[in-house]
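**Student:** What follows is a structure written as C-alpha cells; I'll ask about it next.
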Amino acid sequence: MKEVKTHTTKDGRIILISDLNDNHLKNIIKKFEKQANEGLSVYNDSFPNGIDILFGSDALDVLNYQDYVDELNSRSTSENP
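Under our numbering, the first residue of the sequence shown is numbered 4, with each subsequent residue one higher.
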C-alpha cells in the first residue's frame with residue numbers, strides 16, 4: 004500500500020502533497036532549501052531552552068524535503084516517458 008504524504012499549510016490545513024500544483028511544490032522546495040541553509044528552529048526538550056537549530060540535511064530530513072522533490076520529479080518523468 005502506498006504511503007499517503009501530506010503537507011500542512013501555515014494556516015493548519017492538511018492537503019496531499021500530490022494535490023499541490025507544480026509552482027507550489029517548487030516554492031515549498033525553495034523555502035525548505037533556504038531554511039536548511041539559514042537554520043531551522045525545532046523543539047528539542049533535551050536542550051536547556053528547548054530549541055535546537057538544524058542545518059543542511061538534518062533540517063531537510065525534518066521537513067520531509069525528499070517527499071516534495073520526489074513528487075515534483077515524478078511529474079517530470081511521467082510527462083516525458
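For each residue, glycine too, the CB sits at the ideal point set by N, CA and C. Remember, predicted model here, so these are calculated numbers, not experimental data.
1) Which partner residues does Tyr71 have in the DSSP bridge list?
2) Roughly how far, in whole angstroms, is the beta-carbon of Leu75 from the beta-carbon of Ala62, given that I think they are within contact range, below 8 Å?
3) Please go through the segment 17–50 and give each complete beta strand (DSSP E) segment of 3 or more residues, from N-terminal end onward.
4) For Thr11 versus Ile20, is the C-beta distance shorter than 8 Å?
5) Using DSSP with H/G/I as helix, E/B as strand and the rest coil, what is Asp55?
6) Beta strand (DSSP E) containing Thr12: first to last residue?
7) According to DSSP, simplified to helix, strand and coil, what is Leu66?
**Tutor:** Taking the coordinates as given:
1) According to DSSP, Tyr71 bridges with nothing at all.
2) 19 Å between Cβ atoms; not a contact.
3) Taking only runs of at least 3 residues, the beta strand (DSSP E) segments lying wholly in the segment 17–50 are 17–19 and 43–46.
4) no
5) strand
6) For Thr12, no beta strand (DSSP E) segment is defined, and its DSSP state is neither H nor E.
7) Of the three classes helix, strand and coil, the one that applies to Leu66 here is coil, per DSSP.
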